[in-house]
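What follows is a short report on a single structure.
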Amino acid sequence: MKGNHSKSGNGNGEMQDLSTLTNAALQSNRLGVVEWFRVGERQRVGQALADLKALGVHHIRTGISWADWMLPEGPDWFDFLIPALGKDCSLMPCFVFTPPSCGRKADITSPPRRPKAYADFIDVMITRYGRYFEYVELWNEPNSTAYWDMTQDPDATLLGQTIGSAAYWARRRGKKTVLGGMSPIDANWLEMIFDRGVMEHIDVVGVHGFPASFDYVWHGWQDGIDSVQRVLDKHKNKAQIWITETGFPAWRHEHREQLRQFFLALAAPAQRVYWYSLHDLHPEAATPQGFHMDDREYFFGLKDPYGEPKLLYRLLANQGLSGLRRHTWLTERASFNGGRRKNRPVLITGGAGFIGTNLADALLRQGNRVLLVDNLSRHGVEGNLTWLRRRHGQDVQVELADVRDAYAMQRLVRQCRAVYHLAAQVAVTSSLDQPRQDMDVNVVGTMNILEAIRSCDNPPPLLYTSTNKVYGSLEDMALVAAGTRYAPLNPQRRRGVSEDQPLNFYSPYGCSKGAADQYVLDYARSFGLATVVFRMSCIYGPHQMGNEDQGWLAHFLLTTLNNRRLHIYGDGKQVRDVLYVDDLVAAMLAAQGDIDRLSGRAFNIGGGATNTVSLLEVIEMIGRLHGQAPQLDYHYWRLGDQRLYVSDISSFTAATGWQPTVGVERGLTKLYRWLAAAQRARRRAARIESVAVASERAS
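Residue numbering for the sequence shown is 173 to 871, as defined by this note's numbering.
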């Protein structure tokens with residue numbers, strides 16, 4: 173329910189940097205969130221309260237609609253909403269909207285026929301709910317024709333009477349008052365409010381700003397807030413200045429800019445900052461301006477409409493506000509000077525993931541410069557970037573971007589001499605929940621990379637990581653259960669699945685990866701690009717934080733280390749060939765080193781027939797490593813789960829001489845030790861952070 177904002181000019185004018193982001197600016201008592209609720213959204217209120225607790229945020233600003241109060245269900249709704257928010261949070265209600273029946277015109281933008289009626293409404297709300305809030309915000313952007321019809325009140329006399337009488341009465345009732353947020357920040361409008369005699373009853377001046385999105389002419393928070401402060405000083409007024417609404421819509425997956433604008437708002441010279449908002453607007457809902465009149469309105473949340481946290485939410489929840497300062501470097505853009513192609517960096521999409529991290533480390537140790545592109549959508553991967561930066565310094569550059577952003581991909585690909593495209597939606601289960609998003613990431617994202625490469629004068633070569641899921645569930649393979657594993661009845665199948673196996677996309681994930689796989693191969697045929705596809709089996713190794721949906725070996729080990737029960741889907745006799753990540757990296761480097769000869773081909777890459785293992789056999793190995801095997805719960809088979817998949821790696825071996833070197837037990841032992849050490853390090857860091865936060869609060 174965000175209001176209108178200035179839309180003139182063609183640059184955001186933001187001159188402020190993050191050098192002013194002091195420890196004082198990162199005090200948690202300065203930060204609030206803005207979240208609007210529609211009548212009846214009780215479940216979403218509960219989710220918002222849970223999110224506030226997870227984020228360590230205590231202040232919330234929400235709209236209290238006079239028009240909603242007049243509905244038959246209005247009082248019951250507010251009897252729920254205001255106590256629910258005010259019981260555990262510092263609630264600032266923003267009292268908005270004239271009911272059509274009370275307006276000079278039958279419209280919610282109209283001034284009320286009787287200005288004192290607004291004050292009467294405030295009085296009723298304070299009487300009924302006043303114990304749940306200290307501040308009241310009076311009207312929402314009263315200088316905006318979206319919420320106040322200036323044609324009915326051209327000299328703002330009614331506005332002054334409406335707000336002034338409400339502010340006077342709220343003060344009499346023991347409440348502090350907040351002047352509705354100026355948007356745009358306008359010192360002349362504030363002068364008018366002084367002229368109308370309103371400011372003598374105001375404790376806080378609210379300002380709104382949406383730099384880099386809606387406020388196209390923008391000179392920084394310092395400039396705007398200074399202009400307000402000068403008016404207050406002129407009138408010897410001691411009102412505080414709060415940013416009562418600001419945010420950034422990550423509508424083109426611009427999580428870097430959302431993080432940057434959050435930091436800049438915190439660095440502003442305001443006593444409190446309210447960030448808009450917790451949740452994206454649901455795509456089936458309408459904004460005050462109309463249904464999808466401006467798609468940016470739908471993407472301001474810290475979470476998407478399905479509850480998935482964005483980067484800023486995760487950093488806040490995991491690091492706390494005081495810990496965010498360590499991540500300001502994520503807002504920087506990668507900076508390479510170009511030059512001759514051989515001196516340009518190697519680009520890795522999905523570079524913060526576990527494969528990307530190991531690949532980057534190997535390339536950097538060889539003396540290459542590396543550009544990592546990642547949207548950091550996977551929990552915890554920012555730690556991989558920190559490790560690489562600490563290990564390799566400025567030779568590794570990071571660009572917080574999303575492969576679905578075609579313009580960003582074109583800009584980045586043109587800087588590079590080779591591309592490893594690893595970024596993907598990687599879980600079958602997630603593809604079943606959100607097939608459209610799965611397609612956007614895996615197909616559209618890959619097309620953006622291909623088109624960016626094709627647009628280059630000297631196109632860089634591409635290695636794309638596909639999946640064995642393009643072969644489907646392999647139900648035509650006759651199997652027999654032999655002890656702890658399945659085995660093929662046909663002896664010729666024991667070498668594994670070759671590239672001659674017919675493609676049989678299964679599940680949305682199989683479809684999206686398979687489609688991208690075929691596009692990559694066809695761009696070699698149709699446009700002469702140098703491309704290679706790896707159809708990969710199970711990869712494991714350091715920097716992997718697996719879960720049930722992806723990275724199952726690491727997931728099994730982490731479950732054991734955390735003394736949790738392990739869920740087995742099926743009977744546990746499923747067989748996979750597993751490949752240690754160092755061997756995969758060696759294969760990748762070999763493919764890029766000879767990509768002109770290998771171009772246009774797909775290769776099955778995994779541990780091969782000599783590195784096969786069943787789930788039950790892995791559990792037995794873990795028991796020996798850990799001294800105790802995890803407790804098991806069995807569940808039904810999952811859609812498209814292959815009972816046996818082994819890669820026939822003979823084609824790539826014949827083409828390059830590459831072969832796996834790390835056996836299953838050795839690799840699993842290395843991963844177990846790495847995960848155990850990483851877990852101990854995280855616990856130590858958490859203890860140190862807890863002490864630091866407690867010390868900061870005490871001071």
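C-beta: ideal position from N, C-alpha, C; glycine also.
Within 7 Å, strictly: CB atoms of residue i and residue j
i, j, result
"Trp238", "Phe269", "yes"
"Ala534", "Gly523", "no"
"Leu483", "Leu548", "yes"
"Cys274", "Pro284", "yes"
"Thr521", "Leu634", "no"
"Arg815", "Leu604", "no"
"Tyr877", "Gly644", "Residue 877 is absent from the structure shown; the chain starts at 173 and stops at 871."
"Gly614", "Gln597", "The residue you asked about is not Gly; residue 614 is Asn in the sequence shown. Yes, these two residues count as a Cβ contact at 7 Å."
"Leu544", "Val575", "no"
"Met264", "Tyr301", "no"
"Gln412", "Val376", "yes"
"Ser355", "His380", "yes"
"Arg697", "Val445", "no"
"Lys374", "Ala338", "Reading off the sequence shown, one finds Ile at residue 374, where the question assumed Lys. Their beta carbons are not under 7 Å apart, which means Ile374 does not touch Ala338 by this criterion."
"His427", "Asn556", "no"
"Gly839", "Leu787", "no"
Option in the options with minimal Cα separation from residue i
i, options, result
"Asp754", "Phe471, Val553, Asn530 and Thr656", "Asn530"
"Glu623", "Tyr579, Val598 and Ala278", "Tyr579"
"Phe728", "Gly682, Leu751, Pro832 and Leu843", "Leu843"
"Asp452", "Asp375, Gly655, Ala220 and Gln722", "Ala220"
"Gly352", "Thr334, Met611 and Asp367", "Thr334"
"Thr656", "Ser507, Pro674 and Gln746", "Gln746"
"Lys277", "Thr639, Asp321, Met297 and Arg859", "Asp321"
"Leu738", "Glu207, Gly718 and Val836", "Gly718"
"Ala659", "Arg748, Gly686 and Glu671", "Arg748"
"Met760", "Asp743, Gly778, Val750 and Gly744", "Gly778"
"Phe435", "Thr500, Ser638 and Thr349", "Thr500"
"Lys225", "Ala442, Tyr290, Thr558 and Lys259", "Lys259"
"Arg227", "Ala440, Glu363 and Ser494", "At residue 227 the sequence reads Leu, which differs from the Arg that was named. When each option's Cα is compared against that of Leu227, the closest is Ser494."
"Arg666", "Tyr808, Ile625 and Ala781", "Ala781"
"Arg424", "Met581, Gln566 and Trp390", "Met581"
"Thr833", "Arg810, Ile767 and Val757", "Val757"
"Asp567", "His230, Phe526 and Pro517", "Pro517"
"Leu502", "Gly713, Glu554 and Asp466", "Glu554"
"Gln690", "Ala774, Arg736 and Ser200", "Ala774"
"Ala826", "Gln851, Asn776, Ala291 and Ile236", "Asn776"
"Asn630", "Val585, Asn640, Ser709 and Leu725", "Val585"
"Met619", "Val600, Ser684, Thr639 and Leu310", "Ser684"
Bounding residues of the beta strand (DSSP E) (the contiguous stretch that carries residue i)
i, result
"Ile711", "Cys710 to Tyr712"
"Cys266", "Ser262 to Val268"
"Trp361", "First-last for Trp361: Ala359 to Asp367, but that is the alpha helix (DSSP H), not the beta strand (DSSP E)."
"Gln412", "Gln412 to Thr418"
"Val785", "Thr784 to Ser786"
Residue i - partner residues in DSSP beta bridges
i, result
"Thr459", "Gly462"
"Val753", "Bridge partners of Val753: none, in fact."
"Thr731", "Partner(s): none; Thr731 has no beta bridge."
"Ala654", "Arg657"
"Lys348", "Tyr307"
"Gln716", "Bridge partners of Gln716: none, in fact."
"Gln569", "Leu543"
"Lys475", "His451 and Pro481"
"Asp405", "Its beta-bridge partners do not exist; DSSP assigns none."
"Gly381", "Thr418"
"Ala774", "Val705"
"Ser518", "It is Val, not Ser, that sits at residue 518 in the sequence shown. Bridge partners of Val518: Val542 and Ala590."
"Asp387", "Pro383"
"Leu804", "Leu738"
"Leu190", "Looking at the DSSP assignment, Leu190 forms no beta bridge with any residue, so it has no partner."
is_contact[residue i, chain D] using C-beta, thresh 7 Å
i, result
"Trp809", "The structure shown has no chain D; it contains just one protein chain."
Residue i, enclosing alpha helix (DSSP H) - first and last residue
i, result
"Trp241", "Trp238 to Trp241"
"Arg286", "Taken as a continuous stretch (DSSP letters only), Arg286 belongs to no alpha helix (DSSP H), as it is neither H nor E."
"Arg561", "Glu554 to His564"
"Arg114", "The structure shown does not extend to residue 114, since the chain is modelled only from 173 through 871, so no value can be given for it."
"Arg537", "Phe526 to Arg537"
"His427", "His427 to Leu438"
"Ala696", "Ser679 to Phe699"
"Ser823", "Ser822 to Thr828"
Exercise. Mind listing, in chain order, the continuous beta strand (DSSP E) runs of no fewer than 3 residues lying wholly within the segment 589-675?
Key: 590-593, 634-639, 651-654 and 657-660
Quiz item: Mind pulling the beta strand (DSSP E) runs of 3 or more residues that sit fully within the segment 207-261?
Solution: 231-237
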